[in-house]
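For reference, the structure is listed below as structure tokens.
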Amino acid sequence: RIDFNWTVPYTMEDDTYTVSAYDPGYDVTVYAEFDIRAFYKEYPSGTIVIPMDSKQSTNINDFDYLRAYGLVWRLLNDTFKVDWIFTPPCVQLNATDIDNQQQFYEHYCHGFFLIDNQSAWQNITNYKSDPRFSGIRIHNLTSITRIKQSQVTQLVKAPRVAMWWKGEEIIDQTLDESYIPYDLLSTTEVLSGSLNSSAYDIFLVGHYDFERYLSAADYQGVADNISALDRKSTRLNSSHTDISRMPSSA
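Taken in order, the sequence shown gives residues 8 to 257; the numbers are from the numbering used here.
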């Protein structure tokens, strides 16, 4: 009899793993194959679904897909936890539209949201009575669903958002149409430390001609304040250019 201890790696995906061990006494190599199953998170029937693909909107100009982000922001602000499901791969769901009772058994794509908290229904109903959010499609699961943990990111806080004062139209439009509140910060406010003293979580910087708007000396000051924000384990989201990585002599 030969006894072996096998070490199988942790994995976030389904996989097959082969290990081997050599016994010098018998001059034999033994191979073993393991089927590894990824970690999954289970969602019960009745879980709230906010679709973000064509099931949310077939017309990109109606902005309901943007307003869905604003709804999620408000639910987070109400202290509900929201799971953001990253795709691809898309996830097969069995769900029903709460407004028209249309049933779906198909793939949900484009980063949809799940809320496993029935108490959130009242808040959603209240928000959907607001004309700004009335067009948002809300579904609920009609069967138990398991999703790979590697695709699940749990959101726990409504981020406080700031944007550099030279707003780029596409960023302004995205925030305005989603109804996510934000503050505009001038260069002077950034240099004075407003990013950190006001506890912003996201600072949006557009695609600008920095040589036109900032002196060489101000580059470093702005970059230092953004870096300090990043070091506080907050999220720096620069839509096009991360000026914290621009040389001060640019």
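From the three backbone atoms N, C-alpha and C, an ideal C-beta is built for every residue, glycine too.
Secondary structure at residue 27: strand, using DSSP grouped into helix, strand and coil. Rounded to whole angstroms, the separation of the alpha carbons of residue 36 and residue 26 is 10 Å. Contact check for residue 154 against residue 92 passes: the beta carbons are separated by less than 9 Å.
Pairing residue 145 with residue 106 gives a Cβ-Cβ distance under 9 Å. Contact between the segment 69–87 and the segment 110–129 is present, with at least three C-beta pairs closer than 8 Å.
When DSSP assignments are scanned along the segment 67–131, the uninterrupted stretches of beta strand (DSSP E) that are 3 or more residues long and fall wholly within it turn out to be 89–92, 98–104, 110–115 and 120–122. Annotated three-state conformation of residue 161 is strand, per DSSP. Residue pairing by DSSP places residue 35 opposite 30 in a beta bridge. Here residue 192 is bridged, per DSSP, to 171.
The C-beta distance from residue 156 to residue 47 rounds to 6 Å, short enough to meet the 8 Å contact threshold. In this structure the segment 94–106 does not lie against the segment 203–210, because fewer than three pairs of beta carbons, one per stretch, are closer than 8 Å.
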